[in-house]
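Each residue of the sequence shown is one higher than the last, beginning at 476 in our numbering.
All C-beta atoms in this analysis are idealised placements derived from N, C-alpha and C, irrespective of residue type, glycine included.
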Amino acid sequence: MKTISINRNLMIGLVAIIAFFVLQAVGVLTMGRYTEREVVEVARKNTVAQVGLAELSTLAQQIRRYEKEYFIYVDNPEKRAQYQKEWTGTMEKISTLLSRMRANTDSALNGDDVTQVEKWTGASAFYAAEMTKVFAEVNARADKIQQETAQAQALAAEVAANSKGAKTKEVTPPVSNTRMLMPDEANDLIKAGKDRFSADLIKGVAETFAQKSQATLALTTVTNEGFNKMIYGVMATVLIGIAIGVYLLISLPKSVSEPIQTLTEMVDALSRGESAKPVASIKVQEFKNLSAAVERMRIAQELMLQRLKKPR
């Protein structure tokens with residue numbers, strides 16, 4: 476029969492309860508730090524990404540406005556040059572920003588985001604190439620118009636000089652055969668570039684910004700889930716600790732009271748000189764010696780009674 480040790484059971488129970496308390500503390504600390512780290516890191520990444528996306532969106536809107544202004548004033552040399560300069564400067568900023576986002580040195584973007592940035596870079600490069608063609612066409616026409624106009628003016632001056640003091644037939648100076656692009660014509664030349672720029676970059680940036688905003692708002696859910704897991708873990712360890720405590724409350728008194736009652740009844744019978752049965756096997760280690768002593772007393776008493784009963 477398996478022997479029970481009160482000390483061992485008590486130590487096992489107490490160690491188990493202490494272990495669960497330690498596990499509870501470690502779990503709470505670990506989950507708290509994990510949740511905090513996740514929330515802080517995600518918030519940092521989303522904030523950095525949103526700053527870049529907002530700047531890119533602003534620059535994209537600006538460059539489209541400069542494009543439209545350029546076409547409106549395409550026949551005005553001063554304003555045309557001004558908006559071409561503004562457009563070029565803004566495109567340089569966009570290219571620099573896209574390069575920085577592709578490098579992703581701050582790890583603010585995930586793999587899908589970087590793939591999107593690659594797509595935006597392609598759209599931006601195509602748009603820039605198409606707009607450069609428009610600039611070249613407009614500038615070429617402007618130079619040709621200027622050249623033809625100068626030739627016409629020189630011819631007119633020569634005709635006027637030759638006609639002084641003489642009655643000659645009036646000569647009409649030649650007019651430039653080249654004309655500047657109309658705004659609608661210039662706009663048609665950039666259609667493919669601006670359509671791709673709008674569809675891929677402007678729309679893509681807006682969608683990615685919205686996703687980052689949703690991810691930031693979802694941090695409350697991440698926090699709640701973390702704390703819920705922590706609460707469940709605490710409740711589980713508390714319930715297990717309570718179960719161990721209840722087991723000890725039931726088993727320990729029983730392991731003490733049963734052998735004490737058995738031995739008390741036997742000692743009582745022996746004290747009255749009554750015949751007692753052999754001491755039943757005691758399963759509790761701490762009562763083994765006491766049980767053996769009572770058994771020896773019973774045997775000694777039986778031997779003494781047997782001697783007294785023998786005739787002299």
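Quick check: the Cα distance between I706 and Y509, rounded to an integer number of angstroms? 14 Å
Check whether the region 484-500 and the region 657-671 touch, using three or more Cβ-Cβ pairs below 8 Å as the test. no
Between the alpha carbons of P552 and E567, how many angstroms are there, rounded? P552 and E567: Cα-Cα distance of roughly 23 Å.
Do L738 and L765 have their C-beta atoms within less than 8 Å of each other? yes
Report yes or no: do the region 509-528 and the region 672-692 share at least 3 C-beta pairs separated by less than 8 Å? yes
Going straight from the alpha carbon of A604 to that of E544, what length do you get? The alpha-carbon atoms of A604 and E544 are separated by roughly 18 Å.
Touching by the beta-carbon criterion (3+ pairs, under 8 Å), the region 594-611 and the region 670-677: yes
Checking 8 Å against the spacing of the C-beta atoms, do V709 and V503 come in under that value? Against a cut-off of 8 Å, the Cβ pair of V503 and V709 comes out as a contact.
Which whole-angstrom value is the C-beta distance of I569 and L531, which I expect to be below 8 Å? 7 Å
Ordered along the chain, which non-local residues of its own chain (more than five positions away) have a Cβ less than 7 Å from that of K644? Here K644 scores only 49 on pLDDT, less than 50, and its place in the model should not be relied on; the value that follows carries that caveat. No residues qualify anywhere along the chain.
Looking at the structure shown, is Y548 part of a helix, part of a strand, or coil, going by DSSP? The answer is coil: DSSP assigns Y548 none of H, G, I, E or B.
So, at 6 Å on beta carbons, what are the nonlocal neighbours of S574 in its own chain, with the 5 sequence-adjacent residues on each side left out? none
Excluding the 5 residues preceding and the 5 following F684 in the sequence, name in chain order all residues of the same chain whose CB lies nearer than 8 Å to its CB. Same-chain partners within the cutoff: Q525, L528, A529, S532.
So, helix, strand or coil for M566, using DSSP? Three-state DSSP puts M566 in a helix.
So what's M506 in DSSP terms, helix, strand or just coil? helix
Distance, E513 Cα to T565 Cα: One C-alpha to the other measures close to 36 Å.
Indicate the three-state DSSP secondary structure (helix, strand or coil) for A583 in the structure shown. coil
Just curious, the alpha helix (DSSP H) that K666 is in, first and last residue? 666-671
N699 to N521 span [Cα, whole Å]: 19 Å
State the Cα-Cα distance for the pair Q559 and N703, rounded to the nearest angstrom. 58 Å
Give every residue of the same chain whose Cβ lies closer than 8 Å to the Cβ of R577, excluding the five residues on either side of it in the sequence, and list them in chain order. V589, V592, E593, T596
For F610, which residues of its own chain have a beta-carbon under 7 Å away from its beta-carbon, when the five flanking residues on both sides are left out? Q559
Would you mind stating whether D587 and V523 have Cβ atoms separated by less than 8 Å? no
Under the three-state reduction of DSSP, which class applies to L534: helix, strand or coil? helix
A674 lies in the alpha helix (DSSP H); which residues open and close that run? From DSSP, A674 is part of no alpha helix (DSSP H); its letter is neither H nor E.
Anyone know if the C-beta pair for L534 and L572 falls short of 8 Å? yes
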